[in-house]
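S.K.: This structure is in structure tokens; I'll ask about it shortly.
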Amino acid sequence: MRAVLLVAVVAALLAPAAALASQQHPTQNELESEIMCPVCGTTLDQSDSAVAQDMKMFIAHSIAAGDTKSQIEDALVAQFGEAVLAAPPKHGFNLIAWLLPLIGLLVAAPIVGWAAWRWSRARDTGPPVPPSGLDPDIERRIDRELARYETS
Amino acid sequence: MGRRLKLAAQVLAVALVAGLFGLLGWKVTHQGGGAELVKKASEGKKPVAPDFRLARLDGGGHLDLKSFRNKVVLVNFWASWCDPCKREMPRLEQAYRRYRDRGVVFLGVDAQDFDSSAKREVLKVGTSYPVVYDGAGKVLGRYGGLPLPRTFVIDRRGRLVDFQLGELEQADINRLVDGALRPA
């Protein structure tokens, strides 16, 4: 348990540092997987179209010039529009795409919990179930028949 | 209490679905329609050409399509990464020089492209007709989207009278423009 906690704490401490490193020194592969080719509907790393080649070259030149990830992304958005980003930006109208699943989860979790609680309560307080579903007459006949079988 | 909660949840769910339908409707009416326009033009229905205002590639301000009313306008969508587009550009330039004194305007729309690459191409060809920049391809989308090149001809009343998808030969340009110049 302690080991798991330690791993979680270390991961939490390292995550912002990794994000900062990626922001300051982005890699070609990373950006190619996060930028869309505007004419093929796939990310750059999956496209060999002419415009994708141009964009890959632009990214390579920008990385070589020391541009940060957001500078490169902003430059591409300025040229091709926001649709060039594989994930919607976390501001303005596009924020809905990030918030809606979270809101859905927050709304749905109490509803599901409440429904489960009601269902389990209904089961606890339900009418007592008879030990056997058989008619008492039939049960008596079965007992008689069994007794006769055992004695014979 | 239980019934009220259930009703509130139902109202919320219906409102959510209605909201999503609203968003879908907005997207269809604001970003779509290009395919419909091309279909109407190909059926000879002469739909009104969607208006647009874009920045000039040479940095000389903006250009409005409606400022060319009472002229025949040839709108050529292109990009520097598109080889057929680059092949047809000198032909367009040659044709423009022949037609420009006859009330005809050629307008290049560089779409989904780096403006720097487009500027290089324009300089290389020596294009003298105006070229505007539609980097995000929004105007291109209203005119049917990809592939490129695609060329539309708009008559003096602002209606789409002809179009061609794919590379233009000199004879194609003549056919498109002469058709629009002919009195209706």
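Read top to bottom, the protein sequences are chains A and B.
Just so you know, our numbering puts 92 at position 87 of the first sequence, and the rest follows in order with no gaps.
Just so you know, our numbering puts 418 at position 156 of the second sequence, and the rest follows in order with no gaps.
Idealized CB from N, CA, C, for every residue including glycine.
#1: Which partner residues of methionine 41 (chain A) appear in the DSSP bridge assignment?
#2: Quick check: the region 365-374 of chain B against the region 330-344 of chain B, are there 3 or more CB pairs under 8 Å?
#3: Using a beta-carbon distance below 9 Å, is tryptophan 340 (chain B) in contact with chain A?
#4: Take phenylalanine 330 (chain B) as the anchor and find which of B:Pro312, B:Pro346 and B:Cys344 has the nearest alpha-carbon.
#5: Roughly how many whole angstroms lie between the Cα atoms of alanine 102 (chain A) and proline 115 (chain A)?
#6: At what residue ranges does the region 355-421 of chain B contain a whole run of the beta strand (DSSP E), taking only runs of 3 or more?
#7: Could you spell out the range, first to last residue, of the beta strand (DSSP E) harbouring threonine 443 (chain B)?
#8: Chain A partners of leucine 408 (chain B), CB-CB under 7 Å?
#9: Determine the chain D residues that contact glutamine 84 (chain A) at a beta-carbon separation under 7 Å, and present them in chain order.
#10: Taking the alpha helix (DSSP H) that valine 337 (chain B) belongs to, which residues open and close that run?
#11: Using 9 Å as the limit for Cβ to Cβ distance, is glutamate 37 (chain A) near chain B?
#12: Taking Cβ positions, are glutamate 355 (chain B) and leucine 430 (chain B) nearer each other than 9 Å?
#13: If you drop the 5 nearest sequence neighbours on each side, which residues of the same chain put their C-beta closer than 8 Å to that of arginine 421 (chain B)?
#14: Check whether the Cβ atoms of glutamate 35 (chain A) and lysine 95 (chain A) lie closer than 9 Å to each other.
#15: Can you list the residues of chain B that valine 56 (chain A) reaches, using a CB-CB cut of under 8 Å?
#16: Please report how far the alpha carbon of phenylalanine 63 (chain A) lies from the alpha carbon of valine 394 (chain B), in whole angstroms.
#17: Could you name each continuous alpha helix (DSSP H) segment of 4 residues or more that falls completely within the region 267-330 of chain B, going from the start of the chain to the end?
#18: I need the straight-line Cα distance from valine 279 (chain B) to leucine 443 (chain B), nearest angstrom please.
#19: From the DSSP output, in three-state form, read off leucine 139 (chain A) for me.
#20: Work out the CA separation of glycine 406 (chain B) and lysine 301 (chain B) for me, nearest whole Å.
#21: By how many angstroms is the C-alpha of isoleucine 77 (chain A) removed from the C-alpha of alanine 69 (chain A)?
#22: Between leucine 274 (chain B) and chain A, is any beta-carbon pair separated by less than 9 Å?
#23: Count the other CB atoms, across all protein chains shown, that sit within 10 Å of the CB of valine 366 (chain B); report buried if there are 16 or more and exposed otherwise.
#24: Is glutamate 305 (chain B) buried or exposed, if buried means 16 or more other CB atoms sit within 10 Å of its CB?
#25: Checking 9 Å against the spacing of the C-beta atoms, do tryptophan 288 (chain B) and valine 56 (chain A) come in under that value?
#26: Counting only Cβ pairs nearer than 7 Å, list the residues of chain B close to isoleucine 116 (chain A).
#27: Would DSSP call aspartate 424 (chain B) helix, strand or coil?
#28: Mind checking who leucine 90 (chain A) pairs with in its DSSP beta bridge?
#29: Would you kindly check if the distance between the Cβ of aspartate 424 (chain B) and the Cβ of alanine 317 (chain B) is under 9 Å?
#30: Under a CB-based cut-off of 9 Å, is lysine 381 (chain B) close to chain A?
#31: Using 9 Å as the limit for Cβ to Cβ distance, is glutamate 155 (chain A) near chain B?
#32: Whose CA, out of A:Asp53, A:Leu139 and A:Gly86, lies closest to the CA of alanine 398 (chain B)?
#33: Going by alpha carbons, who is nearest to glutamate 383 (chain B) out of B:Pro445, B:Asp326, B:Leu282 and B:Leu319?
#34: Report the residue from A:Asp59, A:Asp50 and A:Pro43 whose alpha carbon sits nearest the alpha carbon of serine 379 (chain B).
M.R.: In this structure, then:
#1: Reading the first sequence from its first residue, position 36 is the one you call residue 41 (chain A). Its beta-bridge partners are A:Thr48.
#2: yes
#3: Position 78 of the second sequence, counting from 1, holds the residue named residue 340 (chain B). Not closer than 9 Å to any Cβ of chain A, the Cβ of tryptophan 340 (chain B) fails to qualify, so no.
#4: Translated into positions along the second sequence, residue 330 (chain B) becomes position 68. Its Cα nearest to that of phenylalanine 330 (chain B), the residue B:Pro312 stands out among B:Pro312, B:Pro346 and B:Cys344.
#5: The sequence position of residue 102 (chain A) within the first sequence is 97, counting from 1. The sequence position of residue 115 (chain A) within the first sequence is 110, counting from 1. Distance between the alpha carbons of alanine 102 (chain A) and proline 115 (chain A) is about 22 Å.
#6: 366-373, 393-396 and 412-416
#7: The residue given as residue 443 (chain B) occupies position 181 in the second sequence. Per the sequence shown, the amino acid found at residue 443 (chain B) is leucine instead of threonine. Where leucine 443 (chain B) is concerned, there is no enclosing beta strand (DSSP E), although the alpha helix (DSSP H) it sits in stretches over 432-443.
#8: Residue numbering aside, residue 408 (chain B) sits at position 146 when the second sequence is read from its first letter. Ordered by position in chain A, the residues that pass the 7 Å Cβ test against leucine 408 (chain B) are Val44.
#9: Going by chain labels, chain D is absent from the structure shown, which instead holds the protein chains A and B.
#10: Here residue 337 (chain B) is taken as the residue at index 75 of the second sequence, counted from 1. Valine 337 (chain B): not part of any alpha helix (DSSP H); member of the beta strand (DSSP E) spanning 334-340, first to last residue.
#11: Residue numbering aside, residue 37 (chain A) sits at position 32 when the first sequence is read from its first letter. No, glutamate 37 (chain A) lies away from the interface with chain B (no Cβ there is under 9 Å from its Cβ).
#12: As a position in the second sequence, residue 355 (chain B) is number 93, starting the count at 1. As a position in the second sequence, residue 430 (chain B) is number 168, starting the count at 1. No, Cβ-Cβ distance for glutamate 355 (chain B) and leucine 430 (chain B) is not below 9 Å.
#13: Counted from its first residue, the second sequence places residue 421 (chain B) at position 159. Cβ within range, chain order: Lys308, Pro309, Val310 and Ala311.
#14: Numbered from its first residue, the first sequence carries residue 35 (chain A) at position 30. Numbered from its first residue, the first sequence carries residue 95 (chain A) at position 90. Contact flag unset, no.
#15: As a working mapping, residue 56 (chain A) is identified with position 51 in the first sequence. The answer, in chain order, is Ala341, Trp343, Gln374 and Asp375.
#16: One-based indexing of the first sequence puts residue 63 (chain A) at position 58. One-based indexing of the second sequence puts residue 394 (chain B) at position 132. When rounded, the distance between both Cα atoms is 22 Å.
#17: 296-304
#18: Here residue 279 (chain B) refers to the residue found at position 17 when the second sequence is read from its first residue. Here residue 443 (chain B) refers to the residue found at position 181 when the second sequence is read from its first residue. Their Cα atoms are separated by approximately 50 Å.
#19: Indexing the first sequence from 1 puts residue 139 (chain A) at position 134. If DSSP states are grouped into helix, strand and coil, leucine 139 (chain A) belongs with coil.
#20: Taking the first residue of the second sequence as 1, we reach residue 301 (chain B) at position 39. Taking the first residue of the second sequence as 1, we reach residue 406 (chain B) at position 144. Approximately 9 Å, taken between the alpha carbons.
#21: For the purposes of this step, residue 69 (chain A) is taken as residue 64 along the first sequence, with counting starting at 1. For the purposes of this step, residue 77 (chain A) is taken as residue 72 along the first sequence, with counting starting at 1. C-alpha separation (whole angstroms): 11 Å.
#22: As a first step, residue 274 (chain B) must be located in the second sequence, where it is residue number 12. So, interface residue.
#23: Sequence index remark: in the second sequence, residue 366 (chain B) carries index 104 (1-based). By the neighbour-count rule (16 or more Cβ atoms within 10 Å), valine 366 (chain B) is buried.
#24: Counting from 1 along the second sequence, the entry for residue 305 (chain B) is found at position 43. Flag for glutamate 305 (chain B) reads exposed.
#25: Here the question's residue 288 (chain B) lines up with position 26 in the second sequence. Here the question's residue 56 (chain A) lines up with position 51 in the first sequence. No. Outside cutoff.
#26: On the first sequence, residue 116 (chain A) is found 111 positions in, with the first residue counted as 1. Residues of chain B passing the Cβ test: Ala271.
#27: The residue given as residue 424 (chain B) occupies position 162 in the second sequence. The answer is strand: DSSP assigns aspartate 424 (chain B) an E or B state.
#28: Locating residue 90 (chain A) in the first sequence gives position 85, counting from the first residue. The beta-bridge partner set that DSSP reports for leucine 90 (chain A) consists of A:Ile40.
#29: Residue numbering aside, residue 317 (chain B) sits at position 55 when the second sequence is read from its first letter. Residue numbering aside, residue 424 (chain B) sits at position 162 when the second sequence is read from its first letter. No, these two residues do not count as a Cβ contact at 9 Å.
#30: Taking the first residue of the second sequence as position 1, residue 381 (chain B) is located at position 119. Chain A, which has no Cβ nearer than 9 Å to the Cβ of lysine 381 (chain B), makes this no.
#31: The count along the first sequence starts at 1 and reaches residue 155 (chain A) at position 150. False, the Cβ-Cβ gap to chain B never drops below 9 Å.
#32: The sequence position of residue 398 (chain B) within the second sequence is 136, counting from 1. Among A:Asp53, A:Leu139 and A:Gly86, the Cα nearest to that of alanine 398 (chain B) belongs to A:Gly86.
#33: For the purposes of this step, residue 383 (chain B) is taken as residue 121 along the second sequence, with counting starting at 1. Of the candidates B:Pro445, B:Asp326, B:Leu282 and B:Leu319, the one whose C-alpha sits nearest the C-alpha of glutamate 383 (chain B) is B:Leu319.
#34: The count along the second sequence starts at 1 and reaches residue 379 (chain B) at position 117. The candidate whose alpha carbon is nearest that of serine 379 (chain B) is A:Asp59.
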